[in-house]
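Student: Chains as they are written, first to last, in the working numbering: chain A, 10 to 218; chain B, 10 to 218. Handing you a structure now.
Laid out in structure tokens, this is it:
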């Protein structure tokens with residue numbers, strides 16, 4: 010594959026030399042990491058990242074299709090969480106809790122999971138900006154989708170309580186690795202946590218009846 | 010307060026000068042941080058920490074009473090989580106879920122909370138030892154207490170699922186600070202999460218009936 014000729018303005022490009030697609034892809038990822046870290050998820054537009062990488066925005070879409078997939082690749086996540094949530098939501102909300110837990114555990118167990126996301130969770134003031142980037146990504150790409158499917162006034166809070174539980178599960182099982190939770194069968198963990206997430210998605214609001 | 014004369018072997022002590030209690034306390038805390046980081050929570054004994062601080066072990070107990078309180082002080086936690094759990098468990102297990110959530114939220118809201126503990130949760134391999142120290146502290150001082158009160162074969166897993174949920178709640182509400190969860194009234198959050206923790210403590214084991 011041959012790079013866009015406009016990219017030869019790069020200081021590293023030599024006259025008469027075409028960058029390969031792999032080189033462009035690496036430049037885009039490096040620019041994305043810098044832009045997301047400096048500007049957060051929302052303000053780091055694809056146009057801005059493309060300019061920093063000295064490529065045309067269409068090349069960013071060619072390689073990564075969506076901004077969330079670019080973010081996932083820049084963070085070295087094994088999958089794009091936003092895409093996975095979208096796929097799970099295609100199955101409706103009725104047994105979303107169990108399905109989401111099972112999927113979440115299988116991604117972690119198979120791939121080492123979303124550990125890089127936890128690198129963004131440094132406590133402020135140590136790295137306030139990274140937490141902001143993560144917050145914007147989760148809010149825009151994950152909570153937003155869930156909220157629309159859950160519906161109702163407290164849909165966003167419900168989605169966030171479920172997400173908070175999953176984050177804590179990942180911390181305890183995979184990062185702190187506390188036993189017996191770390192070694193429990195995925196089915197055992199899912200049998201406990203799935204109905205709890207389902208309660209957050211579709212259970213009655215506390216005090217409502 | 011006047012220091013133990015044996016501590017004057019310190020390279021910083023000048024002949025004829027007695028260290029103040031505050032100096033000894035600082036030396037103990039510094040030694041504790043080093044020992045916990047190098048050896049983990051279990052292997053960093055009070056005797057070992059006292060030797061590193063060049064004080065008598067009795068002085069460690071004089072200042073900190075228990076190893077868990079020393080750990081909390083060394084980590085700059087606002088309270089010793091192990092003591093708080095012990096106090097909450099005095100009220101029995103029947104409404105432990107709501108009480109533990111309310112207390113947890115009030116400590117975070119009032120003091121900035123347990124953020125330093127999250128500093129220990131760096132993903133391996135970045136800082137495997139810190140995660141190990143946290144794991145040992147949580148396992149020995151917190152899960153151990155809960156397990157005895159919950160009882161039954163899966164008591165430890167139940168305690169860890171509840172703890173995982175609380176950890177995730179703290180991450181989402183205080184560190185990532187996602188809205189509306191970050192600004193929700195403590196009573197609203199407790200009304201959602203309290204019954205879930207109670208379910209983990211005393212609800213039926215999944216598939217058991």
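By construction, the Cβ of each residue, glycine as well, lies at the ideal position given by its N, Cα and C atoms. What you are looking at is a predicted structure, and each value in this text was computed from that prediction instead of being measured.
For the segment 50-123 of chain B, which segments carrying the alpha helix (DSSP H) assignment without a break, of at least 4 residues, lie completely within its bounds, in sequence order?
Tutor: 55-62, 66-73, 76-83, 90-98 and 105-120
Student: Just the chain B side, please: which residues come within less than 7 Å of residue 111/A by C-beta, in chain order?
Tutor: Here the premise fails: no neighbours, minimum Cβ distance about 13 Å.
Student: Note down, in chain order, every chain B residue with its Cβ under 7 Å from the Cβ of residue 215/A.
Tutor: 200 and 201
Student: Name the chain A residues that come within less than 8 Å of residue 147/B, Cβ to Cβ?
Tutor: 185 and 187
Student: Quick check: what's the CA-CA separation for residue 185/A versus residue 44/A?
Tutor: 30 Å
Student: For residue 35/A, does the three-state DSSP call read helix, strand or coil?
Tutor: DSSP places residue 35/A in helix when its eight states are reduced to three.
Student: Looking at the unbroken alpha helix (DSSP H) that takes in residue 171/A, where does it start and where does it end?
Tutor: 164-179
Student: Can you check whether the CB of residue 169/A is closer than 8 Å to the CB of residue 50/A?
Tutor: no
Student: Is there a C-beta anywhere in chain B that falls below 8 Å from the one on residue 150/A?
Tutor: no
Student: In chain A, what lies closer than 8 Å to residue 154/B by C-beta?
Tutor: The contacting residues do not exist; residue 154/B stays about 14 Å from chain A at best.
Student: Output, in chain order, the set of chain B residues within a Cβ distance shorter than 7 Å of residue 165/A.
Tutor: Correct list: 189.
Student: Quick one: using the 10 Å Cβ neighbour count with 16 as the cut-off for buried, is residue 132/B buried or exposed?
Tutor: Confidence at residue 132/B is low in this model, with a pLDDT of 44, below 50, so its placement is unreliable and the value that follows should be read with caution. Counting Cβ neighbours within 10 Å, residue 132/B comes out buried, since at least 16 surround it.
Student: Would you kindly check if the distance between the Cβ of residue 203/B and the Cβ of residue 116/B is under 8 Å?
Tutor: no
Student: Between which two residues does the alpha helix (DSSP H) containing residue 152/B stretch?
Tutor: Per DSSP, residue 152/B belongs to no alpha helix (DSSP H) and is neither H nor E.
Student: Tell me where the alpha helix (DSSP H) around residue 206/A begins and ends.
Tutor: Element bounds for residue 206/A: 195-211.
Student: With DSSP as the reference, label residue 187/B as helix, strand or coil.
Tutor: coil
Student: Whole angstroms is fine: what's the gap from residue 121/A's alpha carbon to residue 84/A's?
Tutor: Roughly 13 Å between the two C-alpha positions.
Student: Verify the CB distance criterion: does residue 178/A have a CB-CB separation below 8 Å to chain B?
Tutor: yes
Student: Under 8 Å by Cβ, that's how I've got residue 176/A and residue 180/B pegged, so tell me the actual separation to the nearest angstrom.
Tutor: 5 Å
Student: CA-CA distance, residue 155/A and residue 171/A?
Tutor: 10 Å
Student: Would a C-beta distance cut-off of 8 Å place residue 151/A and residue 91/A closer than the cut-off?
Tutor: yes
Student: Can you give me the C-alpha to C-alpha distance between residue 74/A and residue 119/B, rounded to a whole angstrom?
Tutor: Roughly 45 Å separates the two Cα atoms.
Student: Check the Cβ-Cβ distances between residue 172/A and every residue of chain B, and say whether any is below 8 Å.
Tutor: yes
Student: According to a CB-to-CB cut-off of less than 9 Å, which residues of the segment 63-82 of chain A neighbour chain B?
Tutor: none
Student: When you compare each of 158/B, 35/B, 72/B and 114/B to residue 211/B by their alpha carbons, which one comes out closest?
Tutor: In terms of CA proximity to residue 211/B, 158/B leads the group 158/B, 35/B, 72/B and 114/B.
Student: My understanding is that residue 166/B touches residue 173/A, with C-beta atoms under 8 Å, so please give their C-beta distance in whole angstroms.
Tutor: 20 Å between Cβ atoms; not a contact.
Student: Using only the alpha-carbon positions, how far apart do residue 99/B and residue 79/B sit?
Tutor: 22 Å
Student: If you compare alpha carbons, which of 199/A, 213/A, 63/A and 113/A is closest to residue 215/B?
Tutor: 199/A
Student: State the Cα-Cα distance for the pair residue 62/A and residue 104/B, rounded to the nearest angstrom.
Tutor: 56 Å
Student: Under 6 Å Cβ to Cβ from residue 191/A, same chain only, skipping five residues before and after it: list those, please.
Tutor: 182
Student: How big is the Cα-Cα spacing for residue 95/A and residue 164/A?
Tutor: 16 Å
Student: Using DSSP with H/G/I as helix, E/B as strand and the rest coil, what is residue 141/A?
Tutor: helix
Student: Taking C-beta to C-beta, are residue 207/A and residue 106/A nearer than 8 Å?
Tutor: yes
Student: Can you give the beta carbon distance from residue 69/B to residue 37/B, rounded, assuming they're within the 8 Å contact cut?
Tutor: Between residue 37/B and residue 69/B the Cβ distance is about 6 Å, and since that is below 8 Å, they are a contact.
Student: Using a Cβ-Cβ cut-off of 8 Å, state whether residue 205/B counts as contacting chain A.
Tutor: yes
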